[in-house]
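Visitor: Be aware that the sequence shown starts at 17, since it is given in the working numbering, and climbs by one per residue.
Glycine is no exception: its CB is placed at the ideal position from the N, C-alpha and C atoms.
Let me give you the structure first, and then I'll get to my questions.
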Amino acid sequence: MAVRDRIDPDARAALDAFLDLVGPGGLNGIADIPARREKFTEVLTGLAATLPPVEGVESADRWIAGPPTPAGAPDVPVRIYRPSEGDGARPGLLFIHGGGMVVGNLETEDLVARILTKDLGCVTVSVDYRLAPEHPDPAPVEDCYAALAWMAGAAGELGIDPERLAVYGGSAGGGLAAGTALMARDRGGPALAFQMLIYPMIDDRDRTPSVHEFTDIGIWDRDANLEGWRCLLGDRVGGDDVSIYAAPARATDLAGLPPAYIDVGELDLFRDEDIDYAARLLRAGVPTELHVFPGAYHAAELQAVGSALANRVLGWRLDALRRALGVPAPAAVA
17 MAVRDRIDPD ARAALDAFLD LVGPGGLNGI ADIPARREKF TEVLTGLAAT LPPVEGVESA
77 DRWIAGPPTP AGAPDVPVRI YRPSEGDGAR PGLLFIHGGG MVVGNLETED LVARILTKDL
137 GCVTVSVDYR LAPEHPDPAP VEDCYAALAW MAGAAGELGI DPERLAVYGG SAGGGLAAGT
197 ALMARDRGGP ALAFQMLIYP MIDDRDRTPS VHEFTDIGIW DRDANLEGWR CLLGDRVGGD
257 DVSIYAAPAR ATDLAGLPPA YIDVGELDLF RDEDIDYAAR LLRAGVPTEL HVFPGAYHAA
317 ELQAVGSALA NRVLGWRLDA LRRALGVPAP AAVA
């Protein structure tokens, strides 16, 4: 069966609409990176605008101190979301957007951050980390770790329970979330209660069967993935001199990491590296939940918003976060 025929019907229609917007080559068919960033923002914010706004969540933008090294690293923009009502210490969620290490910003997944904040009753901090190729490794992951350290240090000010701190990221953001969790372990904190890794981009070596199987879906294929890694790592990509914080699949010791949730689509080129990472976490004694969604390509739920597939994916994620962070499930509607 052709790969296209295996795609969930709702997701296939969403993919066709996406390719109509950006062209048959997908976003990576736009060679000019600033233009690609602009189109990525336009498409994702346009999709979000078709849905009802999330009520009961307020947000504020601010700058926080950047990484201590190298000297002169710039401050980092963040957006802080919180429920409009209620008080008391809440779970804290560091939210790291996706975009192949090259595109994305505070706007592109603003809707997702608002949904998580509303449904979990948490304080969410979305980090606008520096992007490659202008800012190669280690700038992106260091910015994310700086945001986590700031959250923990400002927990009282933010109304965060420091015992219920989690990191969440999708695609490149999932890889950065995994790298941030490794950094937190190796640097002695902040302590994380949970890591949610959504189809994470974690292996620059591009050698798994799924990387070679899914080459022409049009959303994120092997060529796009190689370009993203080259932008981040330059000539080091695929070589021996790559940090585990940039490419967490290279980590050989996964013991001591926080409990994890990983999900990935059946038709996602990251499928095999993500399944392998989940298996190695389990072997290292890390409680890990893994979901592989049939018929889903990379980030299908962000395109097929409101579909049965997207609702199923979001439901599993919210359920896992509630259990991990001690958030009661919503009352059933009679």
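1) Going by beta carbon distance, what residues of the same chain come within less than 6 Å of Arg252, once the five residues before and after it are set aside?
2) What's the gap between the Cα of Val302 and the Cα of Phe210?
3) Are the stretch 98–115 and the stretch 131–140 touching, with three or more C-beta to C-beta distances below 8 Å?
4) Would you give the residue range spanned by the alpha helix (DSSP H) that Asp288 belongs to?
5) Bridge partners of Arg95, per DSSP?
6) Report the rounded CA-to-CA distance for Arg52 versus Ile46, giving the unit in angstroms.
7) Under 8 Å by Cβ, that's how I've got Leu122 and Arg95 pegged, so tell me the actual separation to the nearest angstrom.
8) Output the boundary residues of the beta strand (DSSP E) element that contains Leu109.
9) Closest by CA to Pro40, which one among Gly254, Asp48, Ile233 and Asp292?
10) Taking only three categories from DSSP, how would you classify Met167?
11) Is it buried or exposed for Leu37, if we count other Cβ within 10 angstroms and need 16 for buried?
12) Look up Ile233 in the DSSP assignment and give the residues it is bridged to.
13) Per DSSP, His307 is paired with what?
14) Could you say if the stretch 287–296 and the stretch 199–218 meet the contact criterion of at least three C-beta pairs nearer than 8 Å?
15) Return the CA-CA distance between Pro93 and Val143, expressed in angstroms with no decimal places.
16) Who pairs with Tyr184 in a beta bridge, going by DSSP?
17) In or out: Arg130 buried (at least 16 other Cβ within 10 Å) or exposed?
18) Could you give the distance in angstroms between the alpha-carbon of Arg333 and the alpha-carbon of Ser323?
19) Specify, as a first and last residue, the run of the alpha helix (DSSP H) that Ala89 falls within.
20) For Glu101, which residues of its own chain have a beta-carbon under 8 Å away from its beta-carbon, when the five flanking residues on both sides are left out?
21) For Ile176, which beta-bridge partners are listed by DSSP?
22) In chain order, what residues of the same chain have a beta carbon less than 6 Å from the beta carbon of Gly186, not counting five sequence neighbours either side?
23) Hey, quick one: how far does the alpha helix (DSSP H) through Pro50 stretch, first residue to last?
24) Since I believe Glu317 is in contact with Pro277 (beta carbons under 8 Å), could you give me their beta-carbon distance rounded to a whole number of angstroms?
25) Below 8 Å, how does it come out for the stretch 178–185 and the stretch 336–346: are there three or more Cβ pairs, yes or no?
26) From the DSSP output, in three-state form, read off Met217 for me.
Guide: Reading it off the structure:
1) Val258
2) 10 Å
3) A contact exists between the stretch 98–115 and the stretch 131–140.
4) Arg287 to Arg299
5) Asp77 and Ser142
6) 6 Å
7) 5 Å
8) Arg106 to Ile112
9) Ile233
10) helix
11) exposed
12) Answer is none; Ile233 lacks a bridge partner.
13) Asp279
14) yes
15) Cα to Cα, the separation comes out at about 6 Å.
16) Phe111 and Met212
17) buried
18) 16 Å
19) Note, Ala89: premise wrong, no alpha helix (DSSP H); not H, not E.
20) Gly72
21) Arg106
22) Gly114 and Ile214
23) Ile49 to Ala65
24) A small correction: the amino acid at residue 277 is Tyr; Pro does not occupy that position in the sequence shown. With 8 Å as the limit, Tyr277 and Glu317 do not qualify as a contact, their Cβ atoms being about 15 Å apart.
25) The stretch 178–185 makes contact with the stretch 336–346, as at least three CB pairs between them are under 8 Å.
26) Coil at Met217, not helix or strand.
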